[in-house]
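Notes for the one structure printed next.
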């Protein structure tokens, strides 16, 4: 079922490009135009079939029924005024950024039909070479409407995500950012710190434990420093909670307090089993 | 090539049982006897073919040419005097514990032909149900001889691990414990703290990032509290280094210092790429 005649995806990296593939696979879009600051990335996306045409400038949005902002956070915000000025009146604009408060407050002020989205998909891999239409299957996509969001827009975008295999959860932008600080941004911060603390000469004796725990520290640096900074206050709160846990374990260890140690580990383990 | 007529494996869990399977697959052992405090585990191990016979008590070691201690650390140490008293004079004894200083100092004092081993294999899964002969293929096994270790014993055990697919690294017990504090014990401690700090109500919005980062916190509690306590001092040193990294990131974040943030993340990322 074609939902949109023309879709413009800005940023044809892992999420943007995979969205193109998924939209085309489900025949939800007539024509998909992809814009990337890395022309090579956009060309690969076209070759793979994720987009029909490479757009060379933001001008392309003028014919769009749906614009998908899939660049790092700062660019989403930078591009917004120009996009707002160029789109058709009824064009829907969504983003796929990892933090929502800042993006939603800026973009919904400029674009009436804007809806913030955050697909919990993707990986530490980036670029067009890793695109796959099925990346959203079985994943969760969080939509963050405001009081101003029209129900018809929310429903249309919900349908889009469900059609490509995601389960939709609706949250306010600030609740989204509070939760994701714990479930995504803190784990990334910790993974970077963990690998950073391992002396170089020890690395060759690492096992799957260190590898899994730090996998996400192979993620894109610029993307993640923007995420950390744009969710700074919630992330600092989450970090405090983590430091408290760490101190509890440290005290038990210092005191050779096996009972406390086992109690803390056991509570943690029970929680882990809930996300199997 | 049969290296040992009779092998006794004490502890038929993931590592002990998989060792049994691997030894039999490579025809390195004549008869393999497995002893487990969980009789059910030992019976499954026999059914799978990891052992030929279930041993009901430590008496079984009296006929062994090789005894493999594959229980949690405390039991390795507890069983040592009885094993020392019962084995044949030329019997080789190895263990597969995750810390080495304490085990090697106790056991090498009691058993002349003792050699500490630590295969960097295994996972958060435990029990006989997850046994596989190939778990050691492509893995690293660390051997921790002392000045008293006979070269012939070291060579024989090195050959055994290489034969079942592991690359052997030789380290002193204290160097082993210093390194593993960083590459294995710290990641486990951090994973337990990380999942422990996530509020329950946030868990359902976790993505692969949190799942991977905390996978090892599903590991056995008693096993890991013993590992933490037996490598306490090195682990506290590693924890300090980690806390320093964390504070650096926290300060950059507090100060909205994008440049420092990117520099720290970039150093971490480069290190991560070395363990791909």
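Protein chains in written order, with the numbering used here: chain A, 1 to 276; chain B, 1001 to 1276. For each residue, glycine too, the CB sits at the ideal point set by N, CA and C.
> Taking only runs of the alpha helix (DSSP H) that begin and end inside the segment 25 to 107 of chain A, which ones reach a length of at least 4 residues, in chain order?
Replying inline: 39 to 48 and 73 to 86
>> Give me the chain B residues within the contact set of residue 6 of chain A, using Cβ-Cβ distance strictly less than 8 Å, ordered along the chain.
In response: What residue 6 of chain A touches in chain B: nothing, since even the nearest Cβ is about 31 Å away.
> Would you call residue 1093 of chain B buried or exposed, if buried means 16 or more other Cβ atoms sit within 10 Å of its Cβ?
Replying inline: buried
>> Determine, for residue 1016 of chain B, whether the minimum Cβ-Cβ distance to residues of chain A falls below 9 Å.
In response: no
> When the cut-off is 9 Å and only beta carbons count, does residue 1193 of chain B lie next to chain A?
Replying inline: yes
> Taking Cβ to Cβ, would you say residue 1205 of chain B is nearer than 9 Å to residue 1195 of chain B?
Replying inline: no
> What's the C-alpha gap between residue 1063 of chain B and residue 1220 of chain B?
Replying inline: 32 Å
> Would you say residue 38 of chain A faces chain B, with C-beta separation under 9 Å as the test?
Replying inline: no
> Hey, out of B:1165, B:1068, B:1254 and B:1162, whose CA is closest to residue 1008 of chain B's CA?
Replying inline: B:1068
> Is the segment 1049 to 1066 of chain B touching the segment 1018 to 1033 of chain B, taking contact as three or more C-beta pairs under 8 Å?
Replying inline: yes
>> Just to confirm the assignment, what range does the alpha helix (DSSP H) spanning residue 197 of chain A have?
In response: 186 to 197
> From the beta carbon of residue 1183 of chain B, is the nearest beta carbon of chain A less than 9 Å away?
Replying inline: yes
> Between the Cα of residue 1077 of chain B and the Cα atoms of B:1152, B:1143, B:1114 and B:1263, which residue gives the shortest distance?
Replying inline: B:1114
> Can you give the beta carbon distance from residue 1277 of chain B to residue 253 of chain A, rounded, assuming they're within the 8 Å contact cut?
Replying inline: The displayed coordinates of chain B run from 1001 to 1276. Any statement about residue 1277 of chain B would go beyond what the structure contains.
>> Pull the bridge partners of residue 1009 of chain B from the DSSP assignment, please.
In response: B:1034 and B:1068
>> Counting only beta-carbon separations shorter than 9 Å, does residue 1242 of chain B have a partner in chain A?
In response: yes
> Is it a yes or a no for the segment 29 to 37 of chain A touching the segment 53 to 61 of chain A, going by three-plus beta-carbon pairs under 8 Å?
Replying inline: yes
> At which residue ranges does the segment 208 to 251 of chain A contain complete alpha helix (DSSP H) runs of 4 or more residues, listed in the order of the chain?
Replying inline: 208 to 214 and 221 to 230
> Would residue 16 of chain A pass as a contact of residue 96 of chain A if the rule is Cβ separation under 9 Å?
Replying inline: yes
> Does the beta carbon of residue 187 of chain A come closer than 9 Å to any beta carbon on chain B?
Replying inline: yes
> Looking only at DSSP bridge pairs, what is residue 118 of chain A linked to?
Replying inline: A:142
> Who does residue 167 of chain A pair with in a DSSP beta bridge?
Replying inline: A:140
>> Can you give me the C-alpha to C-alpha distance between residue 192 of chain A and residue 1259 of chain B, rounded to a whole angstrom?
In response: 16 Å
>> Looking only at its chain, what residues have a beta carbon closer than 6 Å to the beta carbon of residue 29 of chain A, apart from the 5 residues adjacent to it on each side?
In response: 4, 7 and 23
>> Taking 7 Å as the limit between beta carbons, can you name the residues of its chain near residue 1234 of chain B, skipping five residues before and five after?
In response: 1177, 1178 and 1181
>> Please return the same chain residues whose Cβ sits closer than 6 Å to the Cβ of residue 1142 of chain B, not counting the five positions on each side in sequence.
In response: 1118, 1169, 1171 and 1176
> Going straight from the alpha carbon of residue 1011 of chain B to that of residue 246 of chain A, what length do you get?
Replying inline: 31 Å
>> Tell me which residue opens and which closes the alpha helix (DSSP H) that residue 2 of chain A is part of.
In response: Note, residue 2 of chain A: premise wrong, no alpha helix (DSSP H); not H, not E.
> Between residue 104 of chain A and residue 1207 of chain B, is the Cβ-Cβ spacing less than 9 Å?
Replying inline: no
>> Taking 8 Å as the cut-off, is the beta-carbon of residue 78 of chain A closer than that to any non-hydrogen atom of the ligand PLP?
In response: Because no ligand of any kind appears in the structure shown, any question about the ligand PLP cannot be addressed here.
>> Using 8 Å for Cβ pairs, my map puts residue 71 of chain A next to residue 116 of chain A. What's the rounded Cβ distance?
In response: Actually they are not in contact, since the Cβ atoms of residue 71 of chain A and residue 116 of chain A sit about 14 Å apart, beyond 8 Å.
> Are the CB atoms of residue 1044 of chain B and residue 1080 of chain B nearer to each other than 9 Å?
Replying inline: no
>> Considering Cα atoms alone, identify which of A:261, A:190 and A:132 is closest to residue 1241 of chain B.
In response: A:190
>> Can you tell me whether residue 280 of chain A is helix, strand or coil according to DSSP?
In response: Only positions 1 to 276 of chain A appear in the structure, and residue 280 of chain A is not among them; the question remains open.
> Any Cβ of chain A within less than 9 Å of the Cβ of residue 1161 of chain B?
Replying inline: no
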